[in-house]
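Chains as they are written, first to last, in our numbering: chain P, 194 to 305; chain Y, 688 to 801. Built from N, CA and C at the ideal position, the CB exists for glycine as well. As the structure is a computational prediction, the values presented were derived from the model and not from experiment.
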Amino acid sequence: DAKTTQPPSMDCAEGRAANLPCNHSTISGNEYVYWYRQIHSQGPQYIIHGLKNNETNEMASLIITEDRKSSTLILPHATLRDTAVYYCIVRAHTGTASKLTFGTGTRLQVTL
Amino acid sequence: DVKVTQSSRYLVKRTGEKVFLECVQDMDHENMFWYRQDPGLGLRLIYFSYDVKMKEKGDIPEGYSVSREKKERFSLILESASTNQTSMYLCASSLVILGAAEAFFGQGTRLTVV
């Protein structure tokens with residue numbers, strides 16, 4: 194699985210958009226980009242994933258660059274409950290065993 | 688909804704004890720994973736399994752073993768617990784398919800070895 198690079202921490206004011214970047218310059222053609230988040234003392238929670246097109250769901254939007262070497266998770270109106278560690282992962286699914294490797298993530302602090 | 692259940696939320700064991708951490712999922716997922724999480728180090732993969740009786744080493748398998756006798760259950764075993772295995776342990780499961788599949792996590796077991 195390709196390695197990802199994220200900033201260790203970010204701050205965001207409540208009500209503003211939080212834009213979390215991720216670099217995955219060695220991503221392969223069959224690898225998806227996933228985002229998870231972990232709120233303190235809980236297990237990680239899936240947010241969104243994409244392959245090459247931008248994606249949106251009820252939680253967030255995912256913007257993937259055309260060369261797929263980086264992506265941005267957007268929380269459009271951050272709230273205090275969005276304070277968490279956000280993990281960007283790339284993972285291939287080939288129908289066989291598939292490792293799932295996390296890095297250290299970005300700690301997002303949403304403030305009043 | 689998919690549910691991944693870890694048998695204990697908190698556990699205290701003595702050095703040298705054999706420790707079993709149990710994980711059960713109810714969605715017929717082929718893939719199951721065990722991680723440990725320590726401050727500043729993120730989630731590190733210990734072992735994963737892609738089918739009954741099948742297992743693969745993750746990034747930090749030393750001092751651990753696993754067992755997958757039934758599809759829904761994946762056990763992490765500390766043969767002789769040591770204080771440096773004090774950590775939060777997280778279990779996850781996912782499908783094995785062509786294409787994308789999200790992983791579902793349990794709530795974690797905080798193990799303290801004294």
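State the DSSP-derived secondary structure class of Y/K724, mapped to helix, strand or coil.
Inspection of the sequence shows that residue 724 of chain Y is occupied by Gln rather than by Lys. Strand, per DSSP.
Could you round the C-beta distance between Y/M719 and Y/S780 to whole angstroms and report it? I think they count as a contact, below 8 Å.
Their Cβ separation, rounded to whole angstroms, is 5 Å, which keeps Y/M719 and Y/S780 in contact under 8 Å.
Report the residues of the segment 768–794 of chain Y with a CB closer than 9 Å to any CB of chain P, ordered along the chain.
Listed by position, the residues of the segment 768–794 of chain Y near chain P (Cβ gap below 9 Å) are M775, L777, C778, A779, S781, L782, V783, I784, L785, G786, A787, A788, E789, A790, F791, F792, G793 and Q794.
Listed in chain order, which residues of the segment 703–736 of chain Y have Cβ atoms closer than 9 Å to some Cβ of chain P?
Of all residues in the segment 703–736 of chain Y, E717, N718, F720, Y722, Q724, G727, L728, G729, L730, R731, L732, F735 and S736 have a Cβ within less than 9 Å of some Cβ in chain P.
By the 10 Å Cβ neighbour count, where 16 or more other Cβ atoms means buried, how is Y/R701 classified, buried or exposed?
Y/R701 comes out exposed.
What does Y/A790 pair with, by DSSP beta-bridge criteria?
Note: Y/A790 sits in no beta bridge, so no partner.
Would P/Y239 pass as an interface residue toward chain Y - the criterion being a Cβ-Cβ separation below 8 Å?
Closer than 8 Å to some Cβ of chain Y, the Cβ of P/Y239 qualifies, so yes.
Report yes or no: do three or more beta-carbon pairs, one from the segment 247–266 of chain P and one from the segment 289–298 of chain P, lie closer than 8 Å?
No, because fewer than three Cβ pairs between the segment 247–266 of chain P and the segment 289–298 of chain P fall closer than 8 Å, the two stretches do not touch.
Report the neighbours of P/T219 on chain C: residues whose CB is nearer than 7 Å to its CB, in chain order.
You won't find chain C in this structure, because its protein chains are P and Y.
Taking the runs of the beta strand (DSSP E) that are 3 residues or longer, which of them lie wholly in the segment 209–238 of chain P?
Qualifying beta strand (DSSP E) stretches, in chain order: 211–216 and 224–231.
Can you confirm whether P/K292, when its beta carbon is compared against all beta carbons of chain Y, has any partner nearer than 8 Å?
Judged by the 8 Å Cβ criterion, P/K292 is in contact with chain Y.
List the residues of chain Y that P/Q235 touches, going by C-beta distances under 7 Å, in chain order.
Those are Q794, listed as they occur along chain Y.
Could you please give me the residues that DSSP links to Y/Q693 through a beta bridge?
The partner list for Y/Q693 (beta bridge, DSSP) reads Y/C710.
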